[in-house]
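Right, one structure below, let's go through it.
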Amino acid sequence: MAKEKLNILHTESSCGWGGQEIRILTESQGMIKRGHKVVIVCCPNSNIYREAESYGVPVVALPIEKKRRSSFLAMRNWLKKEGRQFDIINTHSSTDSWLVALACATLRYMPPIIRTRHVSTQVSNSMTTRWLYLKACRHIATTGEKLRQHLHANNRYPLQHMTSVPTGVNLDRFRPEDKKVCRQRIGIKDKPTLGVVATMRTWKGHRYLLESWKVLHQKYPDWQLLFVGDGPQRKSLEPLVRREGLSDSVIFLGNRQDVPDCLNAMDLFALPSFGNEGVPQGIMQAMACGIPVVSTSVGAITEAVVDGETGYIVEPRNVELLTESLELLIHNNELRLQFSHSSLERAIALFGMDNMLDKMEKIFFHSIKGKNH
1 MAKEKLNILH
11 TESSCGWGGQ
21 EIRILTESQG
31 MIKRGHKVVI
41 VCCPNSNIYR
51 EAESYGVPVV
61 ALPIEKKRRS
71 SFLAMRNWLK
81 KEGRQFDIIN
91 THSSTDSWLV
101 ALACATLRYM
111 PPIIRTRHVS
121 TQVSNSMTTR
131 WLYLKACRHI
141 ATTGEKLRQH
151 LHANNRYPLQ
161 HMTSVPTGVN
171 LDRFRPEDKK
181 VCRQRIGIKD
191 KPTLGVVATM
201 RTWKGHRYLL
211 ESWKVLHQKY
221 PDWQLLFVGD
231 GPQRKSLEPL
241 VRREGLSDSV
251 IFLGNRQDVP
261 DCLNAMDLFA
271 LPSFGNEGVP
281 QGIMQAMACG
291 IPVVSTSVGA
301 ITEAVVDGET
311 GYIVEPRNVE
321 LLTESLELLI
331 HNNELRLQFS
341 HSSLERAIAL
351 FGMDNMLDKM
361 EKIFFHSIKG
371 KNH
């Protein structure tokens, strides 16, 4: 018997661009390929609204960026008119989760709500927030098991009310390629490269990576540092690079569509995050390209990076340990190659798109039927 096809509504109030927004689009794209119908409601000035067309995902623009009465009314009026055609609603950020939950609470015959938690920020234990997560939402999906366990330990949410669904990586798109060719494609020198792909937000730790680079560049002047991604921190990082006299060895590429080429230009990937993480997509994508990763134990990162096997895990905000771990892999080509093979093997085994889509489908179907997961 063929599997039933779903009509899925995603909501996202964030106007930014990063792993969360990319996850929504790639998951939606994957569900559409499986025969489901998907629509995303988002802000008209958001990045996800601008990018959705290239993913083949229909979008509806609503002014839902802020928790205010006009946003609530916009969401409620739209759901009153269109909401009953959907089988499930999947919310993603705090604002849209509240707007959807309150709107559905004042309307009849609305679909069940699934809340996806993408980051490890603390969730309030207030009565209203408990209502949102445990009553208004039929189920919670987290992007890592550590996030699920954190909500259980700190907020006393029942484990059966939550499922860990790691983000999937398109392994046909993210795979090892010739480094020299990829460096030519993205327009950088053919030199050994340390890099990172991440939105430039404070907690991603770009500044700590630059502090480490000041030391490493003195010892390994033939290497270069590559930043891929944009964000609020770029306006302070670029002047810092100039002041430190590192402009010749540090490259800022900004947001790119050719992320696989950018990753395959790298010999080593570093993301020294100190907060607000699930399992960063940049890490999983790097591993799928066979690149060793040095990162921290924040969020659910250790569910991807195995310390001493696919890379190294260091203490957040510890520049000395970060530098030592990076130097081990910069200096030792054989160890770097060993970690590269292990990263690729782990990515192929764990990070495929089908795993994410299968788990989300199961959550959706069970939630519609009112079953536990």
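Those letters in the sequence shown? Residues 1 to 373, by UniProt numbering.
C-beta: ideal position from N, C-alpha, C; glycine also.
When every heavy atom of the ligand FMN is checked, does at least one fall within less than 6 Å of the C-beta of residue i?
i, result
"Thr302", "As far as ligands go, the structure on display features none, and thus does not contain the ligand FMN."
Figure out for me which residue from the options has the closest Cα to the Cα of residue i.
i, options, result
"Ala300", "Thr121, Ser367 and Gly16", "Thr121"
"Ala153", "Glu65, Tyr109 and Ser124", "Ser124"
"Asn264", "Gly56, Val196, Val165 and Ile32", "Val196"
"Asp258", "Leu132, Gln285 and Gln149", "Gln285"
"Gly35", "Asp358, Glu4, Val298 and Ser94", "Glu4"
"Leu73", "Thr91, Ile89 and Leu107", "Leu107"
"Lys67", "Arg243, Asn77 and Ser94", "Ser94"
"Leu357", "Pro166, Ser367 and Val250", "Pro166"
"Trp203", "Tyr109, Met287, Ile22 and Val298", "Val298"
"Gly30", "Leu246, Lys359 and Glu82", "Lys359"
"Lys135", "Thr116, Val119, His118 and His161", "His161"
"Glu27", "Ala52, Gly205, Ser13 and Pro44", "Ala52"
"Trp213", "Lys37, Glu324 and Val305", "Glu324"
"Arg346", "Pro292, Ile188, Leu322 and Leu326", "Pro292"
"Ile319", "Glu309, Glu211 and Asp261", "Reading off the sequence, residue 319 comes out as Val, not Ile. Ranking the options by Cα distance to Val319, first place goes to Glu211."
"Cys327", "Asp230, Leu151, Ile89 and Trp223", "Reading off the sequence shown, one finds Glu at residue 327, where the question assumed Cys. That would be Trp223, whose Cα lies nearest to the Cα of Glu327."
"Thr142", "Leu321, Glu277, Val294 and Gln338", "Glu277"
"Glu309", "Gln338, Gly144 and Leu151", "Gln338"
"Leu6", "Ile22, Ile89 and Leu62", "Ile89"
"Arg336", "Asp178, Thr163 and Met266", "Met266"
"Ala103", "Met75, Gly229, Ile113 and Asn355", "Met75"
Any idea if residue i is buried or exposed, counting beta-carbon neighbours within 10 angstroms, 16 or more meaning buried?
i, result
"His331", "exposed"
"Trp131", "exposed"
"Ser46", "buried"
"Leu271", "buried"
"Met127", "exposed"
"Gly18", "buried"
"Met1", "At Met1 the pLDDT is 37, less than 50, meaning the model places this residue with poor confidence; the figure from the coordinates comes in the next sentence. Exposed, since its Cβ has fewer than 16 Cβ neighbours within 10 Å."
"Ala198", "buried"
"Gln233", "buried"
"Tyr133", "buried"
"Tyr49", "buried"
"residue 376", "With the chain covering 1 to 373 only, the question about residue 376 has no answer from this structure."
"Ser14", "buried"
"Ala105", "exposed"
"Gln85", "exposed"
"Leu151", "buried"
"Val294", "buried"
"Leu62", "buried"
"Gly245", "exposed"
"Tyr109", "exposed"
Measure the Cβ-Cβ separation of residue i and residue j and say whether it is below 7 Å.
i, j, result
"Pro58", "Asp87", "no"
"Gly290", "Ser342", "no"
"Arg201", "Asp190", "no"
"Thr296", "Val314", "yes"
"His92", "Ser367", "no"
"Ile32", "His10", "no"
"residue 426", "Leu171", "Not covered by the structure: residue 426. The range shown for the chain is 1 to 373."
"Ser70", "Leu99", "no"
"Phe274", "Gly205", "yes"
"Leu194", "Leu268", "yes"
"Ile64", "Val38", "no"
"Ile186", "Ile251", "no"
"Ser97", "Arg115", "yes"
Per DSSP, what are the beta-bridge partners of residue i in this structure?
i, result
"Glu12", "Cys42"
"Gly352", "Val169"
"His139", "Ile114"
"Ser54", "None; Ser54 has no bridge partner."
"Val60", "Val41"
"Asn90", "His10 and Ile114"
"Ser164", "Thr142"
Within 7 Å of any Cβ in chain B, is that where the Cβ of residue i sits?
i, result
"Ala105", "The structure shown has no chain B; it contains just one protein chain."
Can you list the beta strand (DSSP E) stretches of 3 or more residues lying completely in the UniProt domain "Glycosyl transferase family 1" (183-341), in chain order? Within the UniProt domain "Glycosyl transferase family 1" (183-341), the complete beta strand (DSSP E) runs of at least 3 residues are 193-197, 224-228, 250-254, 268-271, 293-296 and 311-314.
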